[in-house]
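Report on the structure given below.
Rendered as structure tokens:
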């Protein structure tokens with residue numbers, strides 16, 4: 420946003436008065452500001468705003484005329500160089516959900532490459548833009564994309580762990596089918612201590628065997644369920660984020676009028 424003011428502090432309102440329009444024009448001022456066609460490499464001219472005000476100082480009151488030029492940053496470059504590549508990298512990370520769970524190198528390679536690619540993209544973007552002390556919209560977008568690719572890599576770790584637990588459970592079940600397990604061997608030292616404490620007659624030998632039953636957790640989450648849920652949750656979350664992100668961004672930038680016929684006054 421650029422602005423300009425015209426004033427003559429040597430003459431107060433008693434001596435001279437500035438107005439954009441003549442008295443007989445009735446405030447139309449259609450020709451008050453004339454703009455020649457201008458093209459800027461990174462900005463697009465949106466509109467201009469005229470105003471007049473009275474500045475009051477110690478020496479008196481003075482009329483001032485001002486004009487404000489509203490400029491919008493061109494988003495085509497950032498869409499092609501940042502937003503679209505980031506979205507494609509996130510989509511590539513979803514390919515691992517359809518790769519076989521028995522191919523760890525393929526799934527791990529895709530996850531690591533997408534994380535490194537987004538890291539390089541974030542570094543290049545921050546190097547290209549001026550350093551500021553607040554969070555930019557592109558930081559929010561790239562941060563969420565980075566979170567998705569990292570979660571996609573963690574998802575395979577969960578699948579591998581679930582697969583290992585499933586294979587261990589199958590192996591134990593096969594051992595049980597082959598034959599009953601051998602009875603637990605009693606602990607003679609522990610049995611002697613228990614007999615000494617619980618037996619009334621110390622001359623009568625008593626053997627007490629304590630069998631501990633392990634706690635079993637009946638809930639079972641298969642590795643195939645994790646992949647099937649990820650195929651829906653990851654694209655759905657990314658689509659919902661894009662809808663909310665672009666609506667909020669265009670509303671904050673007052674550029675929703677580009678998609679409607681209603682002209683929004685931004686003065």
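In our numbering, the protein residues as written are 420 to 686.
Idealized CB from N, CA, C, for every residue including glycine.
Buried or exposed for residue i, please, with buried defined as at least 16 other CB atoms from any protein chain shown within 10 angstroms of its CB.
i	result
residue 662	exposed
residue 457	exposed
residue 673	exposed
residue 624	Only weak support exists for where residue 624 lies, its pLDDT of 48 falling under 50; the value from the coordinates is given anyway. So residue 624 counts as exposed.
residue 434	exposed
residue 595	exposed
residue 658	exposed
residue 477	exposed
residue 537	buried
residue 618	Because residue 618 sits at a pLDDT of 48, beneath the cut-off of 50, its placement in the model cannot be relied upon, and the following sentence gives the value as read from the coordinates. Burial call: exposed.
residue 421	Confidence in residue 421 is poor, its pLDDT being 40 and thus under 50, which makes the residue's placement too unreliable to answer from.
Out of the options, point me to the one whose CA is closest to residue i's CA.
i	options	result
residue 653	547, 515 and 471	515
residue 644	455, 581 and 660	581
residue 585	564, 530 and 520	520
residue 479	432, 668, 658 and 513	432
residue 451	595, 469 and 523	469
residue 548	589, 506 and 500	500
residue 485	439, 589 and 524	439
residue 651	510, 506, 551 and 498	510
residue 576	528, 430 and 656	528
Between which residues of its own chain and residue i is the CB-CB distance below 6 Å, once the five residues before and five after are set aside?
i	result
residue 465	489 and 491
residue 638	Confidence is the limiting factor: at residue 638 the pLDDT is only 46, short of 50, which leaves the residue's position unreliable, though a coordinate-based value still follows. None.
residue 502	none
residue 649	516 and 574
residue 550	none
Whole-angstrom Cβ separation of residue i and residue j, contact assumed at under 8 Å?
i	j	result
residue 508	residue 533	5 Å
residue 473	residue 481	7 Å
residue 530	residue 571	6 Å
residue 660	residue 563	6 Å
residue 467	residue 459	That belief does not hold up - the Cβ atoms of residue 467 and residue 459 are roughly 14 Å apart, past 8 Å.
residue 535	residue 504	That pair is no contact at about 14 Å.
residue 566	residue 544	So it is not a contact: roughly 16 Å between Cβ atoms.
residue 493	residue 526	About 39 Å; that fails the 8 Å criterion.
residue 522	residue 568	With 8 Å as the limit, residue 522 and residue 568 do not qualify as a contact, their Cβ atoms being about 19 Å apart.
Does the ligand GDP have a heavy atom nearer than 7 Å to the CB of residue i?
i	result
residue 529	Ligands displayed in this structure: none; no statement on the ligand GDP is therefore possible.
For residue i, which residues from the same chain have a beta carbon less than 7 Å from its beta carbon, with the 5 sequence-adjacent residues on both sides left out?
i	result
residue 578	520, 642, 645 and 646
residue 668	556
residue 461	492 and 493
residue 666	none
residue 689	In the structure as shown, the chain starts at 420 and stops at 686, and residue 689 therefore has no counterpart that could be examined.
In chain order, what residues of the same chain lie with their CB nearer than 8 Å to the CB of residue i, ignoring the 5 residues before and after it?
i	result
residue 634	For residue 634, the predicted model reports a pLDDT of 48, less than 50, meaning its position is unreliable; a value from the coordinates is still stated below. Within the same chain, residue 634 has no close Cβ partners at all.
- Which full runs of the alpha helix (DSSP H) of 4+ residues lie inside the stretch 511 to 589, going along the chain? As far as the stretch 511 to 589 is concerned, its whole alpha helix (DSSP H) runs of at least 4 residues are 523 to 547.
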